[in-house]
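Peer 1: Before I ask anything, let me first share the structure, which is written out below as structure tokens.
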Amino acid sequence: MDGMDDLSLIRRAQAGDSTSFAELLDLYYETIHRFAWKWCGHAANADDIAQLACIKLATSLPQYRFQAAFTSWLYRLVISCAQDWQRTQVRHVHDELADTEPAPGGEAAENSIYLLQLLAQLERLGEGMKETALLVHAEGLSHAEAGVILGVSESTISWRVHTIRKHLNRQEAMAGSAS
Amino acid sequence: MNEHDIAAALKRIEAPAPGTEARRRARAAALEEFARAQAAKANTLAPAPPSSNNPLQALWRRLRPSRDNNSGSTSMNWFNNRGWLAGAASVCVLALGLTIVWPNLTRDMEDVGHERTAAAYSPPVEVDLQASQDMMPPAFEAPSIEEPMSSMAAEPVVAQEQADTGNAASTTMATPPPQAPHMPAAPPPPMPLEDGSQIIVTGGRAAMKSALEVKRSTAEASMYAQVEQLERVQRIAADSLASAPDHEKEEGRDRFEAFEINPVRRVADAPLSTFSADVDTASYSFVRSQLNFGRLPQKDAVRSEEMINYFDYAWPAARSRNAPFKPTVVVSDSPWNKGRKLVHVGIKGYELSDDAPDANLVLLLDVSGSMNEPNKLPLAVRSMEMLLDSLKPSDTVGIVVYAGAAGTVLEPTPVREKSRIVTALRTLRAGGSTAGAQGIERAYELAERHFRKGGVNRILLATDGDFNVGIDSTDELKGFIERKRGKGIYLSVLGFGQGNFRDELAQALAQNGNGVAAYIDTENEARKVLVEEASSSLFTIAKDVKFQVEFNAATVSEYRLVGYETRALRDEDFNNDAIDAGDVGAGHTVTAIYEITPAGVAGSVDEPRYERNRRSPVRDRSAENGGNEYGFVKIRYKLPDEEKSRLISEPIRVRGSDVAPAVARDVSFSTAVAGFAQLLRGGAYTGALTYDDVMNQAQAARGEDRFGYRAEFVELVRKAKTAREM
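Taken in order, these protein sequences are the chains called Z and L.
For the first sequence, the working numbering gives the first residue as 264, with consecutive numbering after it.
For the second sequence, the working numbering gives the first residue as -10, with consecutive numbering after it.
As structure tokens, then:
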């Protein structure tokens, strides 16, 4: 990823070349969508978030300055869009409860259910925990990289990872003693 | 499950391949946006590259108010997070249904480390943090590390609508979304990358707008909901980007208690409807100030009953102080739903003429730095001067300030020495750091020392939302106010300014203190609250006023109460004198409006299919069964110095007697106000009602309108109409 070709593609898109921008979209749509899906655990919602992110990319791309990996920059953008999106959802959660339920049956649905559980657990740990886990655990980024993307210090990420681990361990201990 | 499992699970779970249709849509939308951005860029000069000389940076710095260290910002905002919690709850429902039991770790504080506050008190509201980051100032060359991190999220920020998005390239004040968390432990600074450049995502509003258009262009029936969603996004973006005049440079941190509007209830299921009287009008003033800025108010800011009760209606007043009001019940046709009826239940408090009791008032003024704006402390001071005009010469006024310079500014002084009071008021200056502990204690102490037996003893708290009056915990504060209420000293809260106003706390405090919470945004409003309604604001004629309506299942199938959501009481609380409720001042009117579905008319809920479900098969409409009554209104109240409640009642007659023309006109006007409030809240129950309908009805029912309040209402409806089309 982020090979020379990609970089020059980005430069051309930044310069206003729409073919390059389209190509860039084609290259990264899957990344965007995958990340959005892991963030929300629901295919149709991921579609919406990905679309918002693509639109935002169109106006924000000129601000990418090649200092961080393009994917890191992209994660940040997707997270921001996802959070915007969530704010609109929260207000109407009652109407749309049915929509957020994964379709029954199938492996994809099981995955989705499992992911939703995980995400809910992470969200309960506090703010930023879900994003931290997604970047560090799922995407395999370093604490420093995740810190840059989430706009917090590396030590904050380390602390979050530590907290996640601690609570999960305790969770495990409690589950063990209960059974 | 441990960390390793989580990592493995997050990695292992394969995201499903994106749908080709969704992909195509996203691609098309993004390309369209891209083209638009390029076109806009071609039309303008090249946008100034971000640099350390960026004038925006300087502007941004200038606009940042000096941070008030003690502005109460340590208390996390619970109320705003409710919406989020509801969302979390639904996720949890999913999770719980799948047998996972996950104790509420967010409350598990024992060993949470240095980010304890955030982790313990804040649900994951990073949403807002990140969102507000979108509106961080445009990229600076230098990393903005020098900004104290802990203050970032609590500060107003300047958003630049990108020149190349085609929008006006001017700077606008932005406010983070209303739910912006108050005290993040580590809010993200504008994201610095390795070289100090930053990721800035701007032009959100334009993007949303075009997203909306794209969505529209590909609109299919199934996408209707999404379009709506984007409109909401757009509106939020518009809200947060809307420019505000200079004195309004604030965050949109006004806090309102979230609530669900009252649903339609079947009389067979719940024949009783019980609520507390209320005379607060803060909601109306707030809505007005929002609309005057061309913004639609956030829905939770719209409390229908406060909108309705803002206006004075011609309900007949009671004649004696001992029976301080008599109910007015009027049945009319519902303009919102054919076949349904509206039931107005109104009371007007007994009017004091020349027997006003002596008053011992202590003004408790917030003089923290944030009050240093034209529509705050200066307006508060002018308001107080107006108040002096409506007091008797023998009444006394004391002044205590908190935050800034602490302490007693003026010992209680008779109003006949008005110039001394005015001089004291005019020397007040907002600013400085906070040193004003004991503010509220000192105010009560003063009031106690000058206690007027049989008179009015009241603290008037004027603030822009900083309730750091010397008692930190909200519960403790409420308890304190409640205890003092027991001693006969009441509290009213006057809210000023915007952006930081903690409405729900003002309400709670005023309710605990047997007082009103009013929101004062203009001198005109100050005049209304403190001069015209001085006697009602200051002189309580009845306390713990509760309403209970019993509907008659033989004649009414369904009912719905407009507003009073935050004032609902349990049915059994009605007769329980220990349960506190609202107070009514001299001359106050309180109005409640029910929409009812008479039996036999199609309602919102289908008739039960099964015989057993028909709990009231009564079809006997004879008079014995109350067939000539829709229901029965009961009102309980206590006289100010009594602890035992009294009861008055009035049937809701199917065929009411003729009403006076003034009453009929005011029924119509209050109906228009109720319709407006419901439209602002989304109009779920008002059928095809439009702002135009409301305008016409209100216009026709303006009546004498001596002070122009009703004309102003019509104007507001017009503004709401255009605000919506924004």
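Ideal Cβ placement from N, Cα and C applies to all residues, glycine included.
(1) Taking 7 Å as the CB-CB limit, is residue 278 of chain Z close to chain L?
(2) When the cut-off is 7 Å and only beta carbons count, does residue 716 of chain L lie next to chain Z?
(3) When burial is assigned at 16 or more other CB atoms within 10 Å of the CB, is residue 425 of chain Z buried or exposed?
(4) Look up residue 396 of chain L in the DSSP assignment and say whether it is helix, strand or coil.
(5) Taking the alpha-carbon positions, what's the residue 278 of chain L to residue 272 of chain Z distance?
(6) If we call anything under 7 Å between Cβ atoms a contact, is residue 621 of chain L one with residue 539 of chain L?
(7) Return yes when the Cβ of residue 484 of chain L is within less than 7 Å of the Cβ of residue 497 of chain L, no when it is not.
(8) What are the boundary residues of the alpha helix (DSSP H) that includes residue 281 of chain L?
(9) What does the alpha-carbon distance come out to for the pair residue 252 of chain L and residue 549 of chain L?
(10) Would you say residue 352 of chain L and residue 410 of chain L are within 7 Å of each other, going by their C-beta atoms?
(11) What residue ranges within the segment 297 to 323 of chain Z form continuous alpha helix (DSSP H) runs of no fewer than 4 residues, ordered along the chain?
(12) Excluding the five sequence neighbours on either side, which residues of its own chain have a C-beta within less than 6 Å of the C-beta of residue 333 of chain L, listed in chain order?
(13) Which bits of chain Z does residue 0 of chain L rub up against, with CB to CB less than 8 Å?
(14) Could you list the residues in the segment 297 to 313 of chain Z with a C-beta less than 7 Å from some C-beta on chain L, going in chain order?
(15) Leaving out five residues before and five after residue 339 of chain Z in sequence, what residues of the same chain have Cβ atoms less than 6 Å from its Cβ?
(16) Could you pull the start and end residues of the alpha helix (DSSP H) that residue 433 of chain L belongs to?
(17) Is residue 346 of chain L near the ligand ZN, in the sense that its beta carbon is under 6 Å from a heavy atom of that ligand?
(18) Answer with yes or no whether the minimum CB distance from residue 290 of chain Z to chain L is below 7 Å.
(19) Any C-beta of chain L sitting closer than 7 Å to the C-beta of residue 421 of chain Z?
(20) Does the segment 681 to 696 of chain L come close enough to the segment 266 to 285 of chain L to have 3 or more Cβ pairs within less than 8 Å?
(21) Got a sec? Which residues, its chain only, sit under 6 Å from residue 678 of chain L by beta carbon, not counting five neighbours each side?
(22) Give the straight-line distance between the Cα atoms of residue 317 of chain Z and residue 264 of chain L, rounded to the nearest whole angstrom.
(23) Residue 338 of chain L and residue 592 of chain L: beta carbons closer than 7 Å?
(24) Give every residue of the same chain whose Cβ lies closer than 6 Å to the Cβ of residue 502 of chain L, excluding the five residues on either side of it in the sequence, and list them in chain order.
(25) Less than 7 Å between CB atoms is the rule here; does residue 273 of chain Z satisfy it with respect to chain L?
(26) Using a Cβ distance threshold of 8 Å, determine whether the segment 626 to 645 of chain L contacts the segment 280 to 287 of chain L, with at least three qualifying pairs required.
(27) For residue 310 of chain Z and residue 294 of chain L, I'd like the C-alpha separation in whole angstroms.
(28) Since residue 23 of chain L meets chain Z, which of its residues come closer than 7 Å, beta carbon to beta carbon?
(29) Would you kindly work out how many angstroms separate the C-alpha atoms of residue 429 of chain L and residue 401 of chain L, rounded to a whole number?
(30) Taking the alpha carbon of residue 590 of chain L as the point to measure from, which residue in L:330, L:670 and L:681 has its own alpha carbon closest?
(31) Can you name the residues that DSSP bridges to residue 586 of chain L?
(32) Confirm, please, whether the CB-CB distance from residue 280 of chain L to residue 710 of chain L is below 7 Å.
(33) In or out: residue 650 of chain L buried (at least 16 other Cβ within 10 Å) or exposed?
(34) Can you list, in chain order, the stretches of the alpha helix (DSSP H) that have 4 or more residues and sit fully within the segment 251 to 337 of chain L?
(35) What are the boundary residues of the beta strand (DSSP E) that includes residue 626 of chain L?
(36) With C-beta atoms as the reference, is residue 518 of chain L less than 7 Å away from residue 507 of chain L?
Peer 2: Result, derived from the coordinates:
(1) No, because no Cβ of chain L sits closer than 7 Å to the Cβ of residue 278 of chain Z.
(2) Residue 716 of chain L falls outside the range modelled here, since chain L spans only -10 to 715, and no answer is possible.
(3) exposed
(4) strand
(5) Rounded to the nearest whole angstrom, the CA to CA distance from residue 278 of chain L to residue 272 of chain Z is 49 Å.
(6) The criterion of a C-beta distance shorter than 7 Å is satisfied by residue 621 of chain L and residue 539 of chain L.
(7) no
(8) For residue 281 of chain L, the enclosing alpha helix (DSSP H) covers residues 271 to 281.
(9) Taking the straight line joining both Cα atoms gives about 6 Å.
(10) no
(11) As for any alpha helix (DSSP H) of minimum length 4 sitting wholly inside the segment 297 to 323 of chain Z, the runs are 306 to 323, ordered along the chain.
(12) 319, 582 and 656
(13) Within chain Z, the residues near residue 0 of chain L are 400, 401 and 403.
(14) 297, 300, 301, 306, 310, 311 and 313
(15) For residue 339 of chain Z, where only same-chain residues beyond five positions count, the Cβ hits under 6 Å are 412.
(16) 428 to 438
(17) The model on display carries no ligand, and the ligand ZN is accordingly not part of it.
(18) Taking Cβ atoms only, chain L never reaches closer than 7 Å to residue 290 of chain Z, which makes this a no.
(19) no
(20) Counting Cβ pairs under 8 Å, fewer than three are found: no touch.
(21) 325 and 664
(22) So the two alpha carbons sit approximately 49 Å from each other.
(23) no
(24) 470, 474, 479 and 480
(25) no
(26) no
(27) 41 Å
(28) 281, 284 and 321
(29) If I take the Cα positions, the gap works out to 15 Å.
(30) L:330
(31) Answer is L:547.
(32) no
(33) Here residue 650 of chain L is exposed, its C-beta having fewer than 16 other C-beta atoms within 10 Å.
(34) 271 to 281 and 293 to 297
(35) For residue 626 of chain L, the enclosing beta strand (DSSP E) starts and ends at 618 to 627.
(36) yes
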